[in-house]
Amino acid sequence: QVQLVESGGGLVQPGGSLRLSCAASGSDFSFYAMGWYRQAPGKQRELVATITNGGRQNYADSVKGRFTISRDNAKNTVALQMNSLKPEDTAVYYCNAKRALWPDSWGQGTQVTVSS
């Protein structure tokens, strides 16, 4: 199982950009499908973007064309580039790792606030 640590959150104005990073420790990172989820106050956690160990990406409709997920298996990292941010993107963002027959791993979360 991997341990995940997110970084890169913060306060940004509408229309701005942020880049989130997730560092994974442990073995076999390349075997994991990675993802970003978010949870806004009073709402359920929702999927933002995922990337398979083969690099196939999937996005929530609400972020398509604005967010890009990427991974670097040599560095055990996954990133989320967020552009054209909107106030409704405000949430705690969580990194997730999935592998067949293993329990999911979650990071501690990083706050993203989009406000003028």
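Residue numbers (my numbering): 223 to 338.
We put the beta carbon where it would ideally sit given N, CA and C, even for glycine.
Predicted model, so just to flag it, every value in this text is computed and none were measured.
Rounded to a whole number of angstroms, what is the C-alpha to C-alpha distance between residue i and residue j?
i             : j              : result
glycine 287   : leucine 307    : 11 Å
alanine 322   : tryptophan 328 : 15 Å
alanine 246   : glutamine 333  : 19 Å
serine 284    : glutamate 268  : 11 Å
proline 263   : proline 325    : 26 Å
aspartate 311 : glycine 331    : 14 Å
glutamine 303 : aspartate 294  : 14 Å
glutamine 279 : serine 338     : 31 Å
lysine 320    : glycine 237    : 31 Å
proline 309   : glutamine 235  : 8 Å
Below 8 Å between beta carbons: does that hold for residue i and residue j?
i                 : j          : result
phenylalanine 289 : valine 314 : no
threonine 299     : serine 243 : yes
phenylalanine 251 : valine 224 : yes
Measure the beta-carbon distance from residue i to residue j and round it to whole angstroms, keeping in mind my assumption that it falls under 8 Å.
i              : j            : result
arginine 241   : alanine 301  : 6 Å
asparagine 318 : tyrosine 259 : 6 Å
In terms of alpha-carbon separation, which member of the options lies closest to residue i?
i            : options                        : result
serine 292   : Ser337, Gly257, Ser247, Phe251 : Gly257
tyrosine 253 : Leu233, Glu268, Pro236, Asn275 : Note that residue 253 is phenylalanine in the sequence shown here, rather than tyrosine. The shortest C-alpha separation from phenylalanine 253 is found at Asn275.
arginine 297 : Ser249, Thr312, Asn280         : It should be noted that the sequence gives lysine, not arginine, for residue 297. Here the closest residue by C-alpha is Ser249.
alanine 255  : Gly232, Thr272, Leu233         : Thr272
tyrosine 316 : Gln261, Gln266, Ser239         : Gln261
| query | Which whole runs of the alpha helix (DSSP H) in the segment 246-302 are 4 residues long or more, in chain order? | reply | none
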